[in-house]
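In the working numbering, the protein residues as written are 7 to 173.
In structure tokens form, the structure reads like this:
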């Protein structure tokens with residue numbers, strides 16, 4: 007029989023290969039696995055922190071939106087109140103202006119009536135004077151021959167008094 011040297015098992019080679027494998031595993035674990043795991047943990051923590059920050063930002067945005075909506079509602083109520091107040095003031099001012107205009111118009115009408123009465127009295131006085139003058143001229147001409155100066159004066163005075171009594 008022939009020996010097969012090709013397929014031989016060398017225990018020392020297997021032990022050396024296993025030792026090399028263990029050394030290689032320990033070196034990889036020390037120099038690669040731990041730094042990579044450390045980097046992955048740091049990355050995981052960073053991502054978790056980003057998610058937490060995003061959640062906080064969302065909560066703050068929702069809170070800010072509620073605050074903004076509340077302020078907007080308060081501002082709208084305030085503007086409505088201001089507008090209502092301004093309308094009330096304008097209405098009151100309108101009433102004041104109308105009352106003042108009516109009062110002035112009434113004053114103008116009263117003044118016109120008083121002026122008309124005054125003008126009427128002046129006209130009546132003027133007419134009276136003219137009547138007196140005309141009457142005295144007429145009576146003077148008619149009675150010039152028959153009445154004395156004292157009678158004439160007495161006649162005119164009584165005529166003027168009778169005109170004054172009629173009014």
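In this text, a Cβ means the ideal position worked out from N, Cα and C, and glycines have one as well.
| Check | Outcome |
| --- | --- |
| Specify the secondary structure class of residue 69 as computed by DSSP and reduced to three states. | helix |
| Quick one: what does DSSP say residue 142 is sitting in, helix, strand or coil? | helix |
| Could you spell out where the alpha helix (DSSP H) holding residue 38 opens and where it closes? | Where residue 38 is concerned, there is no enclosing alpha helix (DSSP H), given that its DSSP letter is neither H nor E. |
| Can you look up residue 162 in the DSSP assignment and give me helix, strand or coil? | helix |
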